[in-house]
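Reviewing the structure listed below.
Residue numbers (the numbering used here): 1 to 155.
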C-alpha cells in the first residue's frame with residue numbers, strides 16, 4: 001500500500017498529492033509517469049510524475065477531479081493508502097547537453113513542464129519557463145516554477 005503523505009488543493013478541481021513510493025522515487029526522471037489504482041476494484045489511471053524526492057522516497061502527482069476515479073482519488077486524505085502505484089513508466093525526457101531552453105506548459109500541463117525545467121535548471125541550463133492559464137485563479141505551481149527556472153512568464 002502507498003500512503004498519502006500530503007494532500008493539497010491547488011484550485012477548485014485540481015489536487016496535489018505526495019505519495020510514499022520509495023521504489024518509484026529512486027528511479028524517477030522528468031517526463032515519466034505512474035499508473036495507480038485507488039482500490040482493488042478500481043480503474044488504473046496514468047498520471048505524470050510532477051516531482052519526486054529520492055531521499056524521502058516520495059512522488060508528487062497532480063490531477064483534476066473530472067471523472068469517477070479522480071473524484072475517488074480526491075476524496076482520500078493524508079494517511080490514506082492507494083492500492084497500486086506502479087512506475088516509473090515511459091521514456092524519460094532527454095535533457096542532457098541543453099544550455100538555453102524554453103519550456104512551455106499550459107494549465108495542468110505545468111505538472112509536466114515543471115520537473116523538466118527543474119532538472120534543466122539543476123544541470124546549469126538557462127531556462128525560460130512559459131506557463132499559460134485561462135485565468136489567475138487556476139494558476140498552479142507558481143512558487144515551484146519560479147525556483148526551477150531563470151525566467152518565469154505566466155500568460
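Ideal Cβ positions, reconstructed from N, Cα and C, are used throughout, including at glycine.
Predicted model, so just to flag it, every value in this text is computed and none were measured.
Sub-8 Å separation of residue i and residue j beta-carbons
i           : j           : result
residue 78  : residue 5   : yes
residue 156 : residue 124 : Coverage of the chain is limited to positions 1 through 155, which leaves residue 156 absent and any answer about it impossible.
residue 102 : residue 130 : yes
residue 33  : residue 89  : yes
residue 62  : residue 120 : no
residue 38  : residue 73  : yes
residue 122 : residue 150 : no
residue 28  : residue 57  : no
Exposed unless 16 or more other CB atoms sit within 10 angstroms - verdict on residue i
i           : result
residue 15  : buried
residue 19  : buried
residue 46  : exposed
residue 59  : buried
residue 160 : Because the chain here runs from 1 to 155, residue 160 falls outside it and cannot be looked at.
residue 17  : buried
residue 12  : exposed
Where residue i falls: helix, strand or coil (DSSP)
i           : result
residue 192 : Because the chain in this structure spans residues 1 to 155, residue 192 falls outside the shown range and cannot be described.
residue 139 : coil
residue 117 : helix
residue 44  : coil
residue 23  : helix
residue 75  : helix
residue 111 : helix
residue 29  : coil
residue 160 : Outside the shown range of the chain (1 to 155) lies residue 160, about which nothing can therefore be said.
residue 102 : strand
residue 131 : strand
residue 17  : strand
Contacting residues, own chain, Cβ-Cβ under 6 Å from residue i (five flanking each side not counted)
i           : result
residue 118 : 148
residue 43  : 69
residue 35  : 44, 46, 86
Close beta carbons around residue i, own chain, < 7 Å, minus the five adjacent residues each side
i           : result
residue 115 : 30, 49, 50, 51
Cut-off 8 Å between Cβ atoms - residues of its own chain near residue i, not counting five sequence neighbours on either side
i         : result
residue 1 : 81, 82, 83
- Task: Count the CB pairs spanning the segment 80-89 and the segment 101-121 that are closer than 8 Å, and state whether there are at least three.
- Result: no
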